[in-house]
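Enquirer: Residue numbers (the numbering used here): 479 to 693.
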């Protein structure tokens, strides 16, 4: 049995902040560890390893913060538009690694801020359906500002996580509470409803399809 999520603005802000901190704490911690190795080690090979770790982790932290700025932040004044080319750049920096690839087929244009934020959050939803990595293909459907999106994720053990559909719809299991992990799909659902879109998830062979269209 599910119940409608009743979350006040302060709790929503706190949980979103926790989500962002969760994403950046790992690379920032790796940077600190690398700096400690530089201070304590005289071995040139260890120093080279530490410098490589610091550089890689700094790039990762930067990519995650840039993504969070567009996906969760204000990203401009009220009513602002966002370049989907910028969204593609931050999405590639955040998602693409040695386990996951991103195929982007969304035309470059200026789109309403919340619609672009919805797209970026949908990419995070798609990532959650392929826990061992794989491929995510995203394309625009329809035309103009009323057009939607279609995302397809493929990977080993692809699945629709438990409670994901309910969270997107603004519901949680009875007595369930939201945490920094669950807040992201809930926030995605809020964006969808605010922009007049409906989200549909379905299994498709060895993948998961996320279809987004005007409600």
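For every residue, glycine included, the Cβ atom is placed at its ideal position computed from N, Cα and C.
Computed from a predicted model, the values in this text were never measured in an experiment.
Taking 8 Å as the cut-off, decide whether the C-beta atoms of residue 607 and residue 583 are in contact.
Expert: Here residue 607 is taken as the residue at index 129 of the chain shown, counted from 1. Here residue 583 is taken as the residue at index 105 of the chain shown, counted from 1. Taking 8 Å as the Cβ cut-off, residue 607 and residue 583 do not qualify as a contacting pair.
Enquirer: Would you call the region 585-595 in contact with the region 632-650, where contact means no fewer than 3 C-beta pairs closer than 8 Å?
Expert: Too few Cβ pairs lie closer than 8 Å, so no.
Enquirer: Excluding sequence positions up to five away, which residues of its chain have a Cβ less than 7 Å from the Cβ of residue 675?
Expert: Residue 675 sits at position 197 when you count from the first residue of the chain shown. Result list for residue 675: 596, 626, 690, 691, 692 and 693, in chain order.
Enquirer: Return the first residue and the last residue of the alpha helix (DSSP H) that residue 666 is part of.
Expert: Here the question's residue 666 lines up with position 188 in the chain shown. Looking at the DSSP string, the run of the alpha helix (DSSP H) that includes residue 666 is 661-673.
Enquirer: Among the candidates 514, 567 and 658, whose CA atom is the shortest distance from the CA of residue 500?
Expert: Here residue 500 refers to the residue found at position 22 of the chain shown. Out of 514, 567 and 658, 658 has the C-alpha closest to the C-alpha of residue 500.
Enquirer: Can you say whether residue 485 is buried or exposed, counting buried as having 16 or more other CB atoms within 10 angstroms of its CB?
Expert: The residue you call residue 485 lines up with position 7 of the chain shown. Looking at its Cβ environment, which holds 16 or more other Cβ atoms inside 10 Å, residue 485 is buried.
Enquirer: What is the rounded straight-line gap between the Cα of residue 532 and the Cα of residue 621?
Expert: Against the chain shown, residue 532 aligns to sequence position 54. Against the chain shown, residue 621 aligns to sequence position 143. Approximately 43 Å, taken between the alpha carbons.
Enquirer: Under the three-state reduction of DSSP, which class applies to residue 535: helix, strand or coil?
Expert: Position 57 of the chain shown, counted from the start, is the residue given in the question as residue 535. Residue 535 falls in the helix class under three-state DSSP.
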